[in-house]
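Asker: Just so you know, the sequences run in chain order X and W.
Yeah, the first sequence ends on 411 if you go by the numbering used here, and it's all consecutive.
Yeah, the second sequence ends on 411 if you go by the numbering used here, and it's all consecutive.
Number of protein chains: 2
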Amino acid sequence: MSATVSPLAPKSYPDMPVIDGVRMATAAAGIKYKNRTDVLLMVFDEPASVAGVFTRSKCPSAPVDFCRANLPHGKARAVVVNSGNANAFTGKKGRAATELTADSASKAVGCATNEVYLASTGVIGEPLDATKFAGVLGDMHASATGDFWLEAAKAIMTTDTYPKVATRTAEIGGVTVRLNGIAKGAGMIAPDMATMLSFVVTDAAIAPAVLQSLLSEGVGPTFNSVTVDSDTSTSDTLLLFATGKAAGQQEVSDAGDVRLASFRAALNDLLKDLALQVVRDGEGARKMVAVTVTGAESDAAAKRIALSIANSPLVKTAVAGEDANWGRVVMAVGKSGEMADRDRLAIWFGDVRVAVHGERDPDYSEAAATAVMQQEDIAVRVDIGLGQGSATVWTCDLTKEYVAINGDYRS
Amino acid sequence: MSATVSPLAPKSYPDMPVIDGVRMATAAAGIKYKNRTDVLLMVFDEPASVAGVFTRSKCPSAPVDFCRANLPHGKARAVVVNSGNANAFTGKKGRAATELTADSASKAVGCATNEVYLASTGVIGEPLDATKFAGVLGDMHASATGDFWLEAAKAIMTTDTYPKVATRTAEIGGVTVRLNGIAKGAGMIAPDMATMLSFVVTDAAIAPAVLQSLLSEGVGPTFNSVTVDSDTSTSDTLLLFATGKAAGQQEVSDAGDVRLASFRAALNDLLKDLALQVVRDGEGARKMVAVTVTGAESDAAAKRIALSIANSPLVKTAVAGEDANWGRVVMAVGKSGEMADRDRLAIWFGDVRVAVHGERDPDYSEAAATAVMQQEDIAVRVDIGLGQGSATVWTCDLTKEYVAINGDYRS
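#1: DSSP state of R360/X, grouped into three classes?
#2: Comparing alpha-carbon positions, which option in L214/W, R178/W, E359/W, L137/W lies nearest S61/X?
#3: Cα-Cα, which of V330/X, V18/X, A86/X, T26/X is closest to M196/X?
#4: If L345/W and V330/W are in contact, beta carbons under 8 Å, what's the gap, nearest whole angstrom?
#5: Leaving out the 5 sequence neighbours to the left and right, which residues in its chain are closer than 6 Å to E297/W when beta-carbon positions are compared?
#6: Strictly below 9 Å CB to CB, what residues from chain W border A152/X?
#7: Rounded to the nearest angstrom, what separates D254/X and G74/X at their Cα positions?
#8: Hey, how far is the Cα of P63/X from the Cα of S336/W?
#9: What does the alpha-carbon distance come out to for the pair T131/X and I384/W?
#10: When the Cα of E401/X is compared with those of S365/X, G248/X, K287/X, R328/X, which residue comes out closest?
#11: Please tell me whether T195/W has its Cβ less than 8 Å away from any Cβ of chain X.
#12: Just to confirm before moving on: does the CB-CB distance between V278/X and A324/X stay below 8 Å?
#13: In angstroms, rounded to a whole number, what distance separates the CA positions of L267/X and K107/X?
#14: With 8 Å set as the bound, which would you pick, yes or no: does the beta-carbon of K335/W sit closer than that to a beta-carbon of chain X?
#15: Which residues mark the beginning and the end of the beta strand (DSSP E) in which M196/X is found?
#16: Run down chain X in chain order and give the residues with a C-beta less than 9 Å from the C-beta of G413/W.
#17: Tell whether a beta-carbon distance below 8 Å holds between A205/X and A242/X.
#18: Suppose you measure from the CA of I31/W to the CA of L128/W; what does that come to, to the nearest Å?
#19: Can you confirm whether A355/X, when its beta carbon is compared against all beta carbons of chain W, has any partner nearer than 8 Å?
#20: Using the beta-carbon count (16 or more within 10 Å), is N35/W buried or exposed?
#21: From this set, Y364/X, I19/X, A27/X, which residue's C-alpha is nearest L137/X's C-alpha?
#22: Quick one: which unbroken alpha helix (DSSP H) runs of 4-plus residues sit fully inside the segment 82 to 131 of chain X? Chain order, please.
#23: Who are M42/W's beta bridge partners in DSSP?
#24: List, in chain order, every chain A residue whose beta-carbon is nearer than 7 Å to that of A340/X.
#25: Output, in chain order, the set of chain X residues within a Cβ distance shorter than 7 Å of E403/W.
#26: At the level of alpha carbons, what is the spacing between K272/W and A9/W?
#27: Among T158/W, E217/W, H141/W, P208/W, which residue has its Cα nearest to the Cα of T37/W?
#28: Kindly confirm or deny that the segment 5 to 21 of chain W and the segment 208 to 226 of chain W touch, where touching means at least three C-beta pairs closer than 8 Å.
#29: Between V219/W and chain X, is there a C-beta pair that is closer than 8 Å?
#30: Which of the three DSSP states is assigned to I305/W in this structure?
#31: Helix, strand or coil, according to DSSP, for A255/W in the structure here?
#32: Of the residues S262/X, G185/X, G284/X, T145/X, which one's Cα is nearest the Cα of S235/X?
#33: What separation, rounded to the nearest whole angstrom, lies between the Cα atoms of V293/X and N224/X?
#34: Does the distance from the CB of M24/W to the CB of T145/W come in under 8 Å?
#35: Could you pull out every unbroken beta strand (DSSP E) segment of at least 3 residues lying fully inside the segment 198 to 229 of chain W, listed in chain order?
#36: Between which two residues does the alpha helix (DSSP H) holding D377/X run?
Here you go:
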């Protein structure tokens, strides 16, 4: 948690409604931080449907392994999240820590350990002392409450400078349902998947397989389209729970059910909201950049080109310096490996077209381009001129503060 | 050219011998810089064999296109290199500029334009005023001299803080031959190929096809194994010329000729020397890092893992902060996409084993690891524990100075 809040932070937080069927509590277990909460317990008094998406790292954390093993069971009663220690690359001790935590949670909540979900975030490679959870989970279960979303978001922060929450409503078969989500993440943020930890709960009644389908589809243009530093965490975890408590809504058990349209749109919008909040809290970020690529051979090619631009240190430092250095955008297009024809490329910063037909725009105005770069939110658009593929990804600038934050993170 | 020389610069420069058959001159054509040379002319009074390796960017510069088109001819009489402007993404104007430059050079030297090679480095997207070369190339040809290597290296610098030169000798069929090389590059340095501009000349007599074979093989573990910032330039050019002036050496016309052993070793050693000099001048670099991966499924897998580590902003900022943060090395192994088993990984900083069997080394000493990180040259080794593949790549740390240099490069 940084002393200085990102200048890109939201100006206000939404009122987070209570979602029937989920209660939360936080505690200060002293994992790493002093004088702040570092454990979150989410309790579903009746089993909730659950879906999950995790890091594609070949060296995932012990909690990721634990969640993946439980997911086929499809039902959740408890979620334990800690900040300060990722319980990653901790070997047998790491597995023992997940088992001990799940055991403590199952006893506190009164459920099976395969109904428990775990997530940890923080330093990699340090053994996690899970005995610290045993002492607090019982009290947390007793005191857990439904009106606690912002506090929940605060307990899972690491280098985040602000808590991340979002809420939406949707309608399924005439019944209004709610979705609330929290997220954390500021560095080691890159596809796939983008993040970080995020937990979304809805009171809709949706079967686990359908929930999984919705979530897997939803992450592509949202969490998997944001990048802070191209570094993929060992611990990325996004879990979606459905409590089924929305009065009168019949459970949806088919992913093709037309009644899901409104819910799908609301879910995707909420995921995008949370994902962009993560980028806006990118370590050291002072500017947010939306990179849109059009005219590529395919959507997938467009996304790879967009990520090549968004992950380029030279593009990101130019943004930090408010320098309309579109030559570096050309460089990043060229290194992406995707088809591109220099003489068909066009590049815009905001609404200012800076390059067209393989050279500087004849009407190029350095002053106009620089004025765009001086804004807080910058749109970069590249048209490849070859096909119909398009994609947008979001990133932030690369500043001296990023280097400072990451040069002494452990100390 | 920076006011502050990299702390990793060589303590002294080698004496660069004259190579029979090549003469050089530099001039201040005022392309971008003031009060310094910015054009280099290399002249081969008799046609030299030539080989080349270029950027894999899909948006290469006009000079790269020009060189590629001439290379099948196999013979060179002149090389014109300028700094300050890359003549990249300059469209028809860019092609016209290469034609005008080649025309001026062919007139000055008295050769065909397909015997001229061009390279430009600097800002992308700005039209290059090639008329500035026309006025200086005639005088440069007249004054060119063989004892001018360090000045040649200086004329091609951009953000480099020191000129890069190297020399080697070898033996072909009992005759001693010499190799001299110069290079420039400090940012936008990444495979493939790593760089930057580099020009190597030997007095050996070697046919163009053989020369190309030697060069293509040689770049893999040298220029294509260094990375400063993962950003691949549009202009990367490495040219190798053989003047054939070594007295009494019969031309080698077969790439499998056993007489090439000594030359091949000397060439590869010289390429590595120049490539590492580029990394040691990485923008803002304060530390040099050699990342060695062993025990991977294949050499190619090892190289991809090593590059994932070497390009990770979080690893590079940890090095800048002298933080033995091996958790980030684990992260980078995990995101590489290559096979890895957490429980078989071992990691060393210098001679200090920090992790083994999927967790922190039981004998881990933070003090010993930190002592390694405080050095200028840091060796990171990762054993994957799965196979026999190995590779080494070289990089530098990511510092606030990198951000500063690239945040206001154009201004």
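Using N, Cα and C, we set each Cβ at its ideal position, and we do this for glycine too.
In this text, all values refer to a predicted model and were calculated from it rather than measured experimentally.
Answerer: Quick look at the numbers:
#1: strand
#2: E359/W
#3: A86/X
#4: 7 Å
#5: M339, L386, G387, G389
#6: Here the premise fails: no neighbours, minimum Cβ distance about 26 Å.
#7: 15 Å
#8: 21 Å
#9: 32 Å
#10: K287/X
#11: Because T195/W carries a pLDDT of 47, less than 50, the predicted location of this residue cannot be relied on, and the following value inherits that uncertainty. Chain X contact via Cβ: absent.
#12: no
#13: 32 Å
#14: yes
#15: Taken as a continuous stretch (DSSP letters only), M196/X belongs to no beta strand (DSSP E), as it is neither H nor E.
#16: Outside the displayed span of chain W (1 to 411) sits residue 413/W, for which this structure offers no information.
#17: yes
#18: 8 Å
#19: yes
#20: exposed
#21: A27/X
#22: 91 to 109
#23: M24/W, V79/W
#24: In the structure shown, chain A does not exist; the protein chains are X and W.
#25: The displayed chain sequence assigns Val, not Glu, to residue 403/W. The answer, in chain order, is T317, A320, L398, T399, K400, V403.
#26: 15 Å
#27: T158/W
#28: no
#29: no
#30: helix
#31: coil
#32: G185/X
#33: 16 Å
#34: yes
#35: none
#36: It is not in any alpha helix (DSSP H) - D377/X instead sits in the beta strand (DSSP E) that spans 377 to 383.
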